[in-house]
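Everything below concerns the one structure shown next.
In our numbering, the protein residues as written are 513 to 959.
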């Protein structure tokens with residue numbers, strides 16, 4: 513079944529969402545030592561009176577429909593377990609989880625990224641003993657992806673997908689500008705040239721269509737890597753870094769290049785129009801931007817937009833070609849009263865069956881090698897899935913440690929004036945090492 517057909521099919525499933533309120537954030541506590549577990553029974557729960565567990569995730573209505581489909585298949589296979597799904601949008605999801613944890617109302621199964629930070633708070637159940645007991649095949653996961661779910665050497669979650677980045681292109685706009693797709697081997701300078709050709713202005717000089725849009729926050733690190741730079745010195749997960757390595761020309765030139773696309777060349781929208789939520793996707797679907805940075809989660813929106821002819825192309829190269837290795841996955845609430853049922857759900861969602869069902873929608877790059885390399889993923893239309901496979905091979909693991917989210921937030925905040933054209937990347941990066949050192953010290957004291 514093709515992508516459009518699957519989206520139509522999924523639209524028939526019932527959508528649901530719920531949540532709870534509380535205040536404050538969890539204290540930092542070390543995870544407990546792994547324990548030896550008794551063998552799991554072949555059938556968990558009583559079909560006549562099934563155990564109810566909760567599963568939370570972020571995402572739009574399409575993702576809710578897909579997860580409802582997965583839930584239905586899981587419940588049919590494991591009739592002793594009933595799953596209630598909890599959905600929030602990206603902008604509120606993580607704060608809600610922290611509040612729910614404080615009020616002891618956190619879901620049994622949580623879809624998360626940056627797992628080491630959550631694990632350092634004591635929120636997550638260590639999984640090594642479950643994996644050993646049930647002889648779960650974790651060798652089928654890409655090692656770099658799996659490592660992103662370890663804290664102090666112990667797995668606290670299992671990956672669902674890889675967050676491979678690509679450039680979405682409007683085929684009609686590129687054809688009108690004389691730009692050839694698939695653009696294999698293109699560079700940053702090619703990107704700038706294409707964005708200039710694709711940008712349109714009215715008689716007064718006001719931009720009516722931008723050539724390129726990208727996410728300034730967080731993913732500037734990818735451009736640093738592509739320009740030969742590194743973020744940290746002597747970083748070996750999950751140990752915190754010893755030094756920030758951004759006070760150099762490789763790093764500052766990379767960020768400045770993309771800031772100049774906004775402020776100097778004016779071929780990318782202002783920072784405020786690109787950062788956060790679904791702003792870029794909305795601009796792409798409404799014809800306000802011709803090329804858009806993104807990942808697989810955009811596919812459903814673009815595929816169902818009437819009249820939009822699009823495809824995906826690789827990231828342009830700087831000094832080298834690099835993409836992201838790391839994604840999101842599932843973890844168990846440490847305080848869950850139904851850990852065995854939660855583990856059964858995670859096992860199935862991240863197993864070959866669950867991964868294949870999700871991969872069949874074409875909306876994610878599977879974390880399992882066997883599923884990613886299977887025809888289930890490769891046959892999806894109408895876009896070039898090979899681009900995702902090729903770019904995933906270039907993946908570099910994103911450095912995550914117990915307080916990496918605090919470092920990320922601080923660096924993102926300091927870079928806002930760069931994206932706004934008020935200062936330079938070199939000036940900001942010269943000050944950052946001293947500014948992040950207190951967070952590094954705090955992180956080291958917790959490991």
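Think of the CB as a built atom: it goes at the ideal place given N, C-alpha and C, for glycine as much as any other residue.
Note that the coordinates shown come from a computational prediction; the quantities given were computed from them, not determined experimentally.
Locate the alpha helix (DSSP H) running through residue i, then write down its first and last residues.
i, result
"residue 904", "897-904"
"residue 731", "Counting along the chain, residue 731 falls outside any alpha helix (DSSP H), and DSSP gives it neither H nor E."
"residue 908", "Premise fails: residue 908 lies in the beta strand (DSSP E), 907-909, not in any alpha helix (DSSP H)."
"residue 765", "761-775"
"residue 912", "From DSSP, residue 912 is part of no alpha helix (DSSP H); its letter is neither H nor E."
"residue 863", "No alpha helix (DSSP H) holds residue 863; DSSP gives it neither H nor E."
"residue 934", "Note, residue 934: premise wrong, no alpha helix (DSSP H); not H, not E."
"residue 883", "881-884"
Can you check DSSP and say which residues form a bridge with residue i?
i, result
"residue 566", "596"
"residue 663", "666"
"residue 652", "Paired residues: none, contrary to the question."
"residue 745", "755"
"residue 579", "Per DSSP, none; premise fails for residue 579."
"residue 947", "For residue 947, which the question treats as bridged, DSSP gives no partner whatsoever."
"residue 739", "In the DSSP output, where bridge partners are listed per residue, residue 739 has none listed."
"residue 877", "674"
"residue 558", "561"
If you follow the beta strand (DSSP E) that residue i is in, where does it begin and where does it stop?
i, result
"residue 841", "841-844"
Since I believe residue j is in contact with residue i (beta carbons under 8 Å), could you give me their beta-carbon distance rounded to a whole number of angstroms?
i, j, result
"residue 806", "residue 680", "6 Å"
"residue 568", "residue 598", "4 Å"
"residue 744", "residue 780", "That pair is no contact at about 28 Å."
"residue 882", "residue 652", "5 Å"
"residue 783", "residue 928", "7 Å"
"residue 659", "residue 909", "7 Å"
"residue 628", "residue 903", "About 24 Å separates the two Cβ atoms, so there is no contact after all."
"residue 1007", "residue 875", "Summary: the structure shown does not reach residue 1007, with the chain confined to residues 513 through 959, and so no result is reported for it."
Check whether the Cβ of residue i lies closer than 8 Å to any Cβ atom in chain C.
i, result
"residue 647", "This model lacks chain C altogether, as it is built from one protein chain only."
Quick one: is the Cβ of residue i within less than 7 Å of any heavy atom of the ligand ZN?
i, result
"residue 950", "This structure lacks the ligand ZN; in fact it carries no ligand of any kind."
Is the segment 688-698 touching the segment 819-826, taking contact as three or more C-beta pairs under 8 Å? The segment 688-698 vs the segment 819-826: in contact.
What residue ranges within the segment 669-728 form continuous beta strand (DSSP E) runs of no fewer than 3 residues, ordered along the chain? The segment 669-728 contains these whole beta strand (DSSP E) runs: 678-682 and 719-725.
Is the number of C-beta pairs between the segment 591-600 and the segment 624-638 that are closer than 8 Å three or more? Look at the beta carbons and you see the segment 591-600 not touching the segment 624-638: under three pairs across the two are nearer than 8 Å.
Write down every uninterrupted run of the beta strand (DSSP E) in the segment 781-854 whose length is 3 residues or greater and which is fully enclosed by it, in chain order. Within the segment 781-854, the complete beta strand (DSSP E) segments of 3 residues or longer fall at 801-806, 822-825, 835-837 and 841-844, listed in chain order.
Which ranges does the alpha helix (DSSP H) cover as unbroken runs of at least 4 residues, wholly within the segment 584-649, from first to last along the chain? Taking only runs of at least 4 residues, the alpha helix (DSSP H) segments lying wholly in the segment 584-649 are 602-614, 627-632 and 640-645.
Three Cβ pairs or more, each shorter than 8 Å: is that satisfied between the segment 695-713 and the segment 851-866? The segment 695-713 is not in contact with the segment 851-866.
Would the segment 776-792 count as touching the segment 665-677 if we require 3 or more Cβ pairs under 8 Å? Short answer: they don't touch.
Spell out a yes or no on whether the segment 829-837 and the segment 723-738 are touching, meaning 3 or more CB-CB pairs, one atom from each, closer than 8 Å. Yes: the two stretches touch, three or more of their Cβ pairs being nearer than 8 Å.
Is it true that the segment 792-804 meets the segment 762-775, where meeting means three or more beta-carbon pairs spaced less than 8 Å apart? The answer is no - the segment 762-775 does not touch the segment 792-804, with fewer than three Cβ pairs under 8 Å.
Can we say the segment 935-946 touches the segment 756-769, given the rule of at least three CB pairs closer than 8 Å? With three or more CB-CB distances shorter than 8 Å, the segment 935-946 counts as touching the segment 756-769.
Between the segment 639-652 and the segment 578-590, do at least 3 Cβ pairs fall closer than 8 Å? These segments do not touch.
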